[in-house]
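Notes to accompany the following structure.
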Amino acid sequence: MLPRHLYASTLQVTYNLLSNRYIGGHRYCPPEHLEWSSRRARIQEELSEYNADIVCLQEVDLEVFSRELQPWFQQRGFQGWFQARQQAPDSSLDSSLDAP
């Protein structure tokens, strides 16, 4: 067995973005915190701070992933793909992004 200090480490982060489809049930949040543009900025800031090797996202709308998140992650050297939920193929997506 190798000594612990020789192990490679990988930081994996999983994050639920709260799909816009499910926003209505969160009445306790201030409305401005539920707006996607505001949430996107805070989510991207937090994900940047993690400096993760692998990021798994849940409740990602296809349009949001394709138009906004995937390009943002690609600029940071990630490759990404998404997988539609089997229960609701026309709804939100689960997505993963891997650093090079």
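So the number in our numbering is just where the residue sits in the sequence shown, counting from 1, plus 445.
C-beta: ideal position from N, C-alpha, C; glycine also.
Just so it is clear, the structure is predicted and the values come from calculations on it, not from any experiment.
Problem set entry | Where Gln-457 falls: helix, strand or coil (DSSP) | In the structure shown, Gln-457 adopts extended strand secondary structure according to DSSP, grouped into three states.
Problem set entry | Local conformation of Leu-514 per DSSP, three classes | Helix, per DSSP.
Exercise. Which of the three DSSP states, helix, strand or coil, is assigned to Gly-522?
Worked result: In this structure, Gly-522 counts as coil in the three-state DSSP scheme.
Problem set entry | DSSP-derived helix/strand/coil call for Ala-486 | It is helical.
Exercise. Is the Cβ-Cβ distance between Gln-457 and Asp-498 less than 8 Å?
Worked result: Yes, they are a contact pair.
Problem set entry | Reference Gln-531, options Glu-504, Ser-454, Glu-508 and Thr-455, closest by Cα | The shortest Cα separation from Gln-531 among Glu-504, Ser-454, Glu-508 and Thr-455 belongs to Glu-504.
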